[in-house]
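Participant:
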Amino acid sequence: MAMNEPPLDDLLKISRNRYILAIVAAKQARQITDKINAGLIDGGLKPVSKGLHDIAAGKVKFSLPKKGPK
157 MAMNEPPLDD LLKISRNRYI LAIVAAKQAR QITDKINAGL IDGGLKPVSK
207 GLHDIAAGKV KFSLPKKGPK
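Going by the numbering used here, the first residue of the sequence shown is number 157, and it counts up by one from there.
#1: Under 6 Å Cβ to Cβ from residue 192, same chain only, skipping five residues before and after it: list those, please.
#2: Between which two residues does the alpha helix (DSSP H) holding residue 210 run?
#3: Could you tell me if residue 208 is buried or exposed, where buried requires 16 or more neighbouring beta carbons within 10 angstroms of its beta carbon?
#4: How long is the line joining the alpha carbons of residue 171 and residue 177, rounded to whole angstroms?
#5: Under DSSP, the alpha helix (DSSP H) around residue 180 begins and ends at which residues?
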């Protein structure tokens with residue numbers, strides 16, 4: 157698998173903010189790591205790569221708060 161999989165352009169279609177994508181991918185990677193450690197799933201791909209693939213495939217849903225901090 158190449159380093160540019162999934163392509164950044166595909167991910168930016170989901171969210172135009174790459175920093176939000178990084179946060180969502182990191183949270184997904186933590187959940188994947190927990191499942192690997194619990195023996196629930198196989199650790200074929202690195203957790204961050206798997207998280208990015210899940211985001212690109214539409215398996216991960218996220219939303220932003222309507223208002224910022226007060």
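The beta carbon of each residue, even a glycine, is placed where N, CA and C say it ideally should be. This one's a predicted model, so the numbers in the text were calculated from it and none came from an experiment.
Facilitator: In this structure, then:
#1: If we look at residue 192 and ignore the five residues flanking it on each side, its Cβ neighbours are 199.
#2: Note, residue 210: alpha helix (DSSP H), 203-212.
#3: That one is buried.
#4: Rounded to whole angstroms, residue 171 to residue 177 spans 7 Å at the Cα level.
#5: Counting along the chain, residue 180 sits inside the alpha helix (DSSP H) bounded by residues 174-193.
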